[in-house]
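**Student:**
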Amino acid sequence: MDNDDTNTFHEFLKPERGKTRSNSIEIPSISLPKGGGAIKGIDEKFIVNAVNGTASFSIPLPFSASRGGASPSLSLSYNSGIGNGVCGLGWKLDLPSIKRKTDMELPKYLDSIDSDTFLFSEAEDLVVEFKKDVQGIFLKDPDGNYHFNEKDSPDGLFAIRFYKPRIEGFFARIERWTRKTTGEIKWRIITRDNITTLFGWSPEARISDPQNVNKIYEWMPEIVFDDKGNCHRYVYKKENDDGFDLSLAHNRNRIENGKITYTNLYLEKVLYGNKTVYKGIDDPFPEESDFFFQTIFDYGEYDTNVPINKIKPWDFRKDAFSEYKAGFEIRTTRLCNRILLFHFFPELPGGSALVKSLNIEYDKTTAGSFTFLKSITQIGYVKKTDGTYSSKNLPPFEFTYQNHDWNKEIKTLTPEYLVHAPVGLDESGYQFTDLFNEGLSGILTERVQGWYYKRNLGDGKFEQAKLVTPKPSFSGLGTQLQLMDLDADGCKQLVDLNSDLKGFFEQNDEEEWQAFRAFENIPNIDLRDPNIRMLDLNGDGKSDILITEDNVFTWYESAGRNGFEGARKATKPFDEETGPHIVFAEEKQTVFLADMSGDGMMD
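Residue numbers (our numbering): -18 to 584.
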């Protein structure tokens, strides 16, 4: 029986997540048999995204069919547009989760005032559901604010708030459970087919700050059950210091009081096919021995000859990588080598047997120190009465990757395109900027007569310089005046932060500059001070103000076109080994700002 055809139990965790299907009537028909032999592949799928050109490829993970189709349905997926993962560059496990959104701003973890947006399965924002009266009209308080749809849990320990996807797709009930005494959060989702998934129901299924377990960044699926007593359980392994090499320079400050300072979770087992009927969240989770089937993820711990036994700690990968957008370090240091399917029945020799495996081979010798998934081989096993195995495998899936082919040819501009272009070493009078938001940076220069702009036509070609008219009445482009995107919305403003009256000129859709507009709130500081830098500190794309002082960092959050928020301070550590202790105006050293970890944030 094909697992994908019968598995409605796990439908909402599939990529389509239960989207509406048409209720068309199919007329029975007789069709000729299809050729192709009796050898069946492993149901791999290849898709090309016509919008952005990325290619994706997925391989289903080994799961046996359980009663009523109550089996997990997960896959190992490649996408040419994503980063590194537990199965190499571009590969990831299609495991759903609920996490805090970081695209527009770093999370603040102020859940009492709903400071963060939650994201379901990397796809859709979750928005709070508002309460309605019996006539379906939204309820408001005297100030005109909507009432959140929430209630207490049956035991009174949790406040339950209801959410919906911003774009409705699978019509499920989404609940956020918040413990009243501690603020601890967990999630429950119930689909239209009455299938319940508990996300982060226990701390073992949450990614949280090692210094504060209540700062939860991501909730992983832990228990899935239906209304017929079927249940399966996800078990995770927490990151530890196995294989950690303290002698490496980049690891020196990743140990504190004998413990690693970073965190992560890795899927270790999926248990399903429960013997005892599971009645719901009021019952304790079934024990591991209660399940007939287990799919196990091997990160180097298991014996290749007797795969049921762990014989050593998991391996530490050479290309370990980190992300910091959660507000703390989430570091991936492990590689999944095999995915093993076990059956546990008394009739089997020893009571258990390995049935199938996906063996993964990696290429760890490529340039850039990245690990690439080289091949995947599916192997079937039969356990003999003496405890040994016989096996047969399908031909491996082998993967090759196209390297970046940088064009090393040096091209020169023809003289006609060099008119009004920078000449010599002094480029202070020129700026490469996309003045009219066209997607290509042109050349902007200021002369006595006014501004001149050379549009970029691509392929090393520029238009003749044209006078920008009308232009703002101020002068000092590149020194007193700066072209900025104050609200991170793609629109340009010409900003004056050095005059007594600080503000900006805005450009409209007709490429005309509007009247000067002063900031509503601006700190009384000299932004030309060498101890001041402007950079994005909270991930919202806007330039904040950072000041280095003797004992503290002072920063002002950008409020976009309104100016800046009030001052906030962060204490400097006394030791550079525990944090930055820098002064931007230091005469003997230079401080550079750059994205060192590849997470899009300035370091």
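Even glycine gets a Cβ: it sits at the ideal position worked out from N, Cα and C.
1. Can you check which of these residues, I528, T276, L316 and G423, is closest to L252 by C-alpha distance?
2. Please tell me whether R514 and L425 are closer than 9 Å, where the distance is taken between their beta carbons.
3. List the DSSP bridge partners of S93.
4. Count Cβ pairs between the segment 70 to 87 and the segment 325 to 333 that sit closer than 8 Å; are there 3 or more?
5. Mapping the DSSP letters down to three states, classify A51 as helix, strand or coil.
6. Within 10 Å of its beta-carbon, does N318 have 16 or more other beta-carbons around it, so buried, or fewer, so exposed?
7. Of all the beta strand (DSSP E) runs that stay within the bounds of the segment 267 to 329, which reach a length of 3 or more residues?
8. Contact between the segment 130 to 139 and the segment 149 to 166 is defined here as three or more beta-carbon pairs at a separation below 8 Å; is this criterion met?
9. What's the call for S338, buried or exposed, on a 16-neighbour Cβ count within 10 Å?
10. For the beta strand (DSSP E) containing S39, name the first residue and the last one.
11. Relative to the C-alpha of I311, which residue among K240, I188 and K365 is closest?
12. When burial is assigned at 16 or more other CB atoms within 10 Å of the CB, is W387 buried or exposed?
13. Based on the DSSP secondary-structure assignment, which residues constitute the bridge partners of H213?
14. Please report the distance separating the alpha-carbon of A307 from that of T313.
15. Just how far apart, CA to CA, sit Y370 and S56?
16. Can the beta-carbon of S539 be found less than 9 Å from the beta-carbon of L467?
17. Do G441 and K392 have their CB atoms nearer than 9 Å?
18. Using CA atoms only, rank isn't needed, just tell me which of L107, T242 and G69 is closest to L316.
19. Which runs of the beta strand (DSSP E) spanning at least 3 residues fall entirely within the segment 378 to 430, listed in chain order?
20. Quick check on E269: buried or exposed, where buried means 16 or more other Cβ atoms within 10 Å of its Cβ?
21. Along the chain, where does the beta strand (DSSP E) that runs through A334 open and close?
22. Exposed or buried, what is G239 when buried is set at 16 or more other beta-carbons lying within 10 Å of its beta-carbon?
23. Exposed or buried, which one is H385 when buried takes at least 16 other CB atoms within 10 Å?
24. Counting only the same chain and skipping the five closest in sequence on each side, list residues whose C-beta sits under 8 Å from that of T244.
25. Excluding the 5 residues flanking Q430 on each side, which residues of the same chain have their C-beta closer than 8 Å to its C-beta?
26. Classify I155 as buried or exposed, calling it buried when 16 or more other Cβ atoms lie within 10 Å of its own Cβ.
27. Is P146 helix, strand or coil by DSSP?
28. Which residues mark the beginning and the end of the beta strand (DSSP E) in which T98 is found?
29. Taking all protein chains shown into account, decide if Q495 is buried (16 or more other Cβ within 10 angstroms of its Cβ) or exposed.
30. Taking only the alpha-carbon atoms, compute the straight-line gap between L416 and P451 and give it to the nearest angstrom.
31. Determine the contact status of Y217 and A186, defining contact as a CB-CB distance below 9 Å.
32. Please report the residue range of the beta strand (DSSP E) in which T242 lies.
33. Which residue comes first and which comes last in the beta strand (DSSP E) that contains K180?
34. Closer than 8 Å by C-beta to N543: which residues in its own chain qualify, once you throw out the five before and the five after it? Chain order, please.
35. Taking 9 Å as the cut-off, decide whether the C-beta atoms of T177 and F206 are in contact.
36. Pull up the distance between the alpha-carbon of S303 and that of D580, whole angstroms please.
**Tutor:** In terms of the structure at hand:
1. T276
2. no
3. DSSP lists no partner for S93.
4. no
5. DSSP places A51 in coil when its eight states are reduced to three.
6. Answer is buried; the Cβ neighbour count reaches 16.
7. 272 to 279, 302 to 304, 311 to 313 and 319 to 324
8. yes
9. buried
10. A36 to P41
11. I188
12. By the neighbour-count criterion, in which a residue is buried when 16 or more other Cβ atoms sit within 10 angstroms of its Cβ, W387 is exposed.
13. V205 and Y253, per the DSSP bridge assignment.
14. Rounded to whole angstroms, A307 to T313 spans 14 Å at the Cα level.
15. 26 Å
16. yes
17. yes
18. G69
19. Correct list: 411 to 414 and 423 to 428.
20. exposed
21. DSSP places A334 in the uninterrupted beta strand (DSSP E) bounded by A334 to D344.
22. The residue is exposed, with fewer than 16 neighbouring Cβ atoms inside 10 Å.
23. Label assigned to H385: exposed.
24. I188, S189, D190, P191, K219, E220, F309, E310, I311 and R312
25. L448
26. buried
27. Correct three-state label for P146: strand.
28. Element bounds for T98: n/a, residue is neither H nor E.
29. exposed
30. 14 Å
31. yes
32. Unbroken run through T242: none, as it is neither H nor E.
33. One point to set straight first is that residue 180 is Phe, not Lys, in the sequence displayed. Run containing F180: T177 to F180, per the beta strand (DSSP E) assignment.
34. F500, E501 and N502
35. yes
36. 8 Å
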